[in-house]
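S.K.: Sharing a structure below in structure tokens format, with a few things to ask.
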Amino acid sequence: MLSLSRVFWKLTSCANPVTGSDCESAEAQQISLVVLGRQFFVAMMVLDTWQYFMHRYMHHNKFLYRHVHSQHHRLVVPYAFGALYNHPLEGVLLDTVGGALAFLVSGMSPRASIFFFSFATMKTVDDHCGLWLPGNPFQLFFKNNSAYHDIHHQLYGTKYNYSQPFFVMWDRILGTYLPYKIEKKMEGGLQARPVKDCKEN
1 MLSLSRVFWK LTSCANPVTG SDCESAEAQQ ISLVVLGRQF FVAMMVLDTW
51 QYFMHRYMHH NKFLYRHVHS QHHRLVVPYA FGALYNHPLE GVLLDTVGGA
101 LAFLVSGMSP RASIFFFSFA TMKTVDDHCG LWLPGNPFQL FFKNNSAYHD
151 IHHQLYGTKY NYSQPFFVMW DRILGTYLPY KIEKKMEGGL QARPVKDCKE
201 N
């Protein structure tokens, strides 16, 4: 029986799964899950760094905000399909260039990158879904979640919470972190509210 790491290796490392070319030679150089984990972590850090600074710049540059990034901020109440609702130039600058840098710097294989970018896309969609579901792994393991990003989409939050899609480190380091709490609404449901005076939520 194949081990989990061997199955993942087969899925992510063979150059051509149809013809089988390079699969045999790739097996001789089997990569460990630790290496794949490191590559994913490096890619996450690179993508987060690129997207934080580009996203923040698009908010501070009046021309770029008015003509490019404001298209995404038409969504005051984010929803899942709006995650990648943006101007084509923003898509190229944030997602394509940022993704290419993450891929190149991390050293992951093209097939491993399919899993990484699928994961990043699911995370981005979850960040914009506007739902806080119990047991949601994205919300359990990442402080940058749908509540965090919902604050950014409110009128009072457009100068805060630029980090996306994984970590909040740049917001914390550079003073753009706006803490929040989740409250029950009288009419039912939950809402994210900023808490400017708390240090940790």
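Letter 89 of the sequence shown, counting from 1, is numbered 89 in full-length UniProt numbering, and no numbers are missing.
All C-beta atoms in this analysis are idealised placements derived from N, C-alpha and C, irrespective of residue type, glycine included.
Predicted model only: the values in this text are computed from it and were never measured.
#1: Under 8 Å: do the region 117-124 and the region 156-171 share three or more Cβ pairs, one atom per stretch?
#2: Give me the DSSP bridge partner(s) of Ala192.
#3: Given a threshold of 16 other Cβ atoms within 10 Å of its Cβ, counted over all protein chains shown, does Pro88 qualify as buried or as exposed?
#4: Determine whether the beta carbon atoms of Met54 and Leu104 lie at a separation below 7 Å.
#5: If Val35 sits next to Ser106, beta carbons under 8 Å apart, how far is it from one beta carbon to the other, in whole angstroms?
#6: Alpha carbon to alpha carbon, how far is Pro110 from Cys198? Give it in angstroms, no decimals.
#7: Just the C-alpha distance for Ala102 and Glu187, rounded to the nearest angstrom, thanks.
#8: Roughly how many angstroms lie between the CA atoms of Ser113 and Ile182, to the nearest whole one?
#9: Judging by CA-CA distance, which residue of Val42, Gly189, Val76, His60 is the nearest neighbour of Leu133?
M.R.: According to the structure data:
#1: yes
#2: Ile182
#3: exposed
#4: no
#5: Contact flag wrong, Cβ pair sits at about 10 Å.
#6: Note on Cys198: pLDDT 44, under 50, position unreliable in the model; the coordinate value appears next. Approximately 43 Å, taken between the alpha carbons.
#7: 43 Å
#8: 34 Å
#9: Gly189
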